[in-house]
Structure formats: structure tokens, C-alpha cells
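Worksheet: the structure to be examined is printed underneath.
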Amino acid sequence: MKILSVSTATNHLSVALNNYETIVEEKNEQDQRNHSEHLDPMIAAILKENNLQLKDLDRFAVAIGPGSYTGLRIGITTVKMFASILNKEVVGISTLQALAKSIDEQNTLIVTGLDARNDNYFAGAYVNNAEKMPEMVIPDGHYHIDVLLKAVSAYLAENDLTKVIFVGTGLAKQDEQIKAMGIDYTYATEEQNELHAGLIGQLAVTAQPVDPDQLLPRYLRRTQAEVDWHKKTGKPFGPDSDYVEEV
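Under the UniProt record's numbering, the residue at position 242 of the sequence shown is numbered 242, and the numbers go up by one with no gaps.
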């Protein structure tokens with residue numbers, strides 16, 4: 001199965017070609033902040049270097065969030081278009097699960113997080129199963145650090161795990177609070193803290209394909225536009241596009 005995977009969820013742009021779990025090629029670009037300009041050329045380069053065309057692929061995969069609102073839409077819109085036009089399979093992968101996939105240790109709680117500022121994080125926690133696939137044990141969500149660490153402590157108290165690895169961005173600045181928990185913990189390497197499309201491709205092998213029209217971002221918190229719309233209209237939150245007004 002040939003899988004093209006994309007991540008535009010963070011400031012790290014990543015595109016990969018997988019053959020099942022094997023990462024054939026991965027291209028990465030750090031902190032350029034112009035994913036909309038660079039994504040298509042990176043895809044074209046990977047295909048050309050491997051003598052493939054889009055029609056030769058079997059499945060598309062993309063990080064669906066959490067992450068940058070604009071960034072997520074760039075990646076998701078791209079793979080939705082490819083899958084729809086070419087009638088190919090498409091899957092969405094949690095950004096946080098993809099970060100957890102960089103850790104292959106077992107009997108370890110893998111806490112993944114993206115800095116959401118003001119001591120808040122888009123975060124979740126995972127444990128690798130026998131096949132070293134990360135399974136979610138603390139749901140992906142938008143957490144204040146106090147709430148997140150309380151959930152970590154509760155999980156450790158109820159399960160036979162003693163080691164924790166923190167993966168992602170901004171978690172090390174909470175070291176004083178983490179150290180106060182009295183747990184055995186480490187931080188992931190710089191490489192592991194980046195979101196890699198090749199790992200998204202590995203997760204995509206067993207993920208359930210969805211209709212391209214049903215592939216939507218998982219922001220894990222409301223956009224400011226949605227909040228403002230809700231305050232103005234008093235209407236309940238609905239599907240992704242319901243809050244847009246005519247002007």
C-alpha cells in the first residue's frame with residue numbers, strides 16, 4: 001500500500017511516502033510559515049523522485065489536529081481534493097498520536113502536548129501496545145497544565161506504569177511542577193518533538209478511511225470567530241461552517 005502523508009499542523013511542514021509501515025522518503029521544512037506555498041512542490045518532488053504520480057497512490061493521510069487553525073486547513077483541504085478527484089482512500093490522524101508514535105518504549109506513559117500559551121496545552125497521553133502502536137489513555141483535549149498533570153497522576157496511580165516521557169512543545173518549561181510530582185520522567189529529543197509525516201503514514205496503515213467530505217479538523221477548542229458568532233447570535237455551535245456570516 002502506497003501512502004502519501006502530510007502534516008501542516010505546526011510550524012514544521014512534513015510530507016512522506018510510505019509503503020505500508022516502511023517510510024520510503026520523508027521531506028521536512030522547519031519554521032518557514034508558508035505551508036500553502038511549499039506543500040504542493042514538496043509533494044511533487046517526492047513523487048518525481050520515486051517515479052510515481054498521484055494516481056499511483058493507494059491512500060492519503062493527514063494530521064487533523066490539534067494544531068494551527070490555518071495550517072490544519074491547508075493540509076486537510078489538499079488531501080481531501082486529491083482523494084475526491086482520484087477516488088482514493090483518505091484517513092485523518094491525531095496530531096498527538098503521531099507525536100506519540102515517535103516513542104517506541106513500552107510500559108511507559110507517553111504524554112504528548114502542543115503549547116497553547118498561558119500554561120494551556122493541546123495534550124493527551126498514550127501507551128504503546130504489543131505492536132508498538134500508541135493507544136490513547138488520556139483523551140486528546142485542551143488542558144491547563146494543572147489539569148493535565150492531575151490526569152497523569154491519576155492514571156499512574158491506577159495503572160502499573162512508573163515511567164513518563166513528555167513529547168511535544170513547551171512542556172519542559174513546566175519542569176518545576178513535573179518534578180514536584182515525584183515521578184520517573186524524561187523529555188523527548190528535539191527530533192521526536194517534531195511532527196513527522198512518515199509516522200502519520202505508519203498510523204494510517206490500520207486507520208479507518210473516511211469519506212473525504214467527512215474529513216474535518218479537530219481543533220479541540222473553538223475559534224475566536226465561532227466564539228464571537230455564538231455571543232452575537234445566541235445560537236448553539238453547529239457544523240464547521242455554520243457560524244460564517246454574509247457581509
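C-beta atoms are modelled at their ideal positions from N, C-alpha and C, and glycine is treated no differently.
Here the structure is a predicted model, which is why all the values come from computation and not from measurement.
C-beta atoms of residue i and residue j nearer than 9 angstroms
i    : j    : result
Y126 : H144 : no
L17  : L47  : yes
N11  : S102 : no
K2   : V15  : no
Q202 : E21  : yes
D115 : G168 : yes
T95  : A63  : yes
L4   : L57  : yes
DSSP state of residue i mapped onto helix, strand, coil
i    : result
A100 : helix
E176 : helix
A63  : strand
L13  : strand
Y20  : coil
V206 : Going by the sequence as given, residue 206 is Thr instead of Val. Note: T206 maps to coil in three-state DSSP.
L4   : strand
Y165 : A small fix is needed here, since residue 165 is Ile in this sequence, not Tyr. Looking at I165 - three-state DSSP - the assignment turns out to be strand.
S214 : Rather than Ser, the amino acid found at residue 214 in this sequence is Gln. If DSSP states are grouped into helix, strand and coil, Q214 belongs with the helices.
L109 : strand
K232 : helix
E194 : coil
K80  : helix
Y219 : coil
K27  : strand
T186 : strand
L171 : coil
Exposure label - residue i; buried when at least 16 CB within 10 Å
i           : result
K150        : exposed
M81         : exposed
G182        : exposed
Q97         : buried
N193        : buried
A204        : buried
G113        : buried
residue 321 : With the chain covering only 1 through 247, there is no way to say anything about residue 321.
A44         : exposed
R59         : buried
Cross-strand partners of residue i (DSSP beta bridge)
i    : result
F122 : L114 and H142
S94  : G65
P134 : N128
E89  : R59
Any non-hydrogen atom of the ligand MG within 8 angstroms of residue i CB
i   : result
K27 : The ligand MG is not part of this structure, which contains no ligands at all.
9 angstroms Cβ cutoff, residue i in contact with chain B
i    : result
E105 : Among the chains of the structure shown, chain B does not appear; only one protein chain is present.
Supposed contact pair residue j and residue i - C-beta distance, whole angstroms, cut 8 angstroms
i   : j    : result
G65 : R218 : 4 angstroms
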